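Residue numbers (the numbering used here): 5 to 160.
The beta carbon of each residue, even a glycine, is placed where N, CA and C say it ideally should be.
Since this is a predicted model, take the numbers as computed values, not measurements.
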């Protein structure tokens with residue numbers, strides 16, 4: 005990312021450039037995930053150095069996905085391919101697609117479960133209360149940051 009550090013006046017904006025430094029060594033059959041951490045530290049107003057002030061540094065953590073150009077499945081069909089496997093006190097989410105899936109509003113019966121980020125062609129496990137029902141419903145977050153319609157989970 006460039007510039008790695010810069011000063012910015014109030015009510016202004018700046019553009020960050022994200023450079024590809026991977027030398028084309030990323031997998032071409034699935035998405036890759038990177039995290040960008042941006043920290044904003046407010047400048048100190050010299051006229052208020054003698055007063056009590058509270059200043060907060062804000063850290064934003066942003067997901068960056070690299071998506072190869074020619075993946076077999078369209079991204080809007082990935083969420084419906086998600087599968088589930090139940091064990092004693094856990095629920096495993098199985099993603100057979102080449103896309104990362106951000107699962108939200110995950111429910112087992114009437115019990116609300118924690119959100120999950122399921123890697124492509126991988127799995128993620130969440131805790132399952134003992135009294136959780138067997139009907140699984142969920143939503144995912146699509147490429148535009150919107151929630152998909154509620155879906156019913158398929159148990160393996």
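Below 6 Å CB to CB, which residues in the same chain sit around residue i once its five sequence neighbours on both sides are set aside?
{"i": "residue 130", "result": "95, 117, 118 and 120"}
{"i": "residue 35", "result": "69, 71, 103, 104 and 124"}
{"i": "residue 6", "result": "21"}
Name the residue from the options whose alpha carbon lies nearest to the alpha carbon of residue i.
{"i": "residue 136", "options": "143, 33, 100 and 90", "result": "90"}
{"i": "residue 109", "options": "40, 140 and 33", "result": "140"}
{"i": "residue 9", "options": "27, 28, 25 and 41", "result": "41"}
{"i": "residue 73", "options": "7, 32 and 150", "result": "32"}
{"i": "residue 149", "options": "5, 159, 56 and 80", "result": "80"}
{"i": "residue 142", "options": "88, 92 and 93", "result": "88"}
Beta-carbon separation of residue i and residue j under 9 Å?
{"i": "residue 102", "j": "residue 75", "result": "yes"}
{"i": "residue 144", "j": "residue 156", "result": "no"}
{"i": "residue 61", "j": "residue 43", "result": "yes"}
{"i": "residue 65", "j": "residue 39", "result": "yes"}
If I measure Cβ to Cβ from residue i and keep anything under 7 Å in the same chain, skipping five residues before and after, which residues do I get?
{"i": "residue 133", "result": "115"}
{"i": "residue 85", "result": "100 and 101"}
{"i": "residue 30", "result": "36 and 70"}
{"i": "residue 126", "result": "99"}
{"i": "residue 12", "result": "18"}
Return the Cβ separation of residue i and residue j in integer angstroms, given the expectation that the two are a contact with Cβ distance under 8 Å.
{"i": "residue 122", "j": "residue 99", "result": "4 Å"}
{"i": "residue 97", "j": "residue 128", "result": "5 Å"}
Kindly indicate the opening and closing residues of the beta strand (DSSP E) around residue i.
{"i": "residue 40", "result": "36-44"}
{"i": "residue 120", "result": "120-122"}
{"i": "residue 126", "result": "126-131"}
{"i": "residue 112", "result": "105-112"}
{"i": "residue 142", "result": "140-144"}
{"i": "residue 148", "result": "Careful: residue 148 lies outside any beta strand (DSSP E) and carries neither H nor E."}
{"i": "residue 27", "result": "Here residue 27 belongs to no beta strand (DSSP E), and DSSP marks it neither H nor E."}
{"i": "residue 58", "result": "Element bounds for residue 58: n/a, residue is neither H nor E."}
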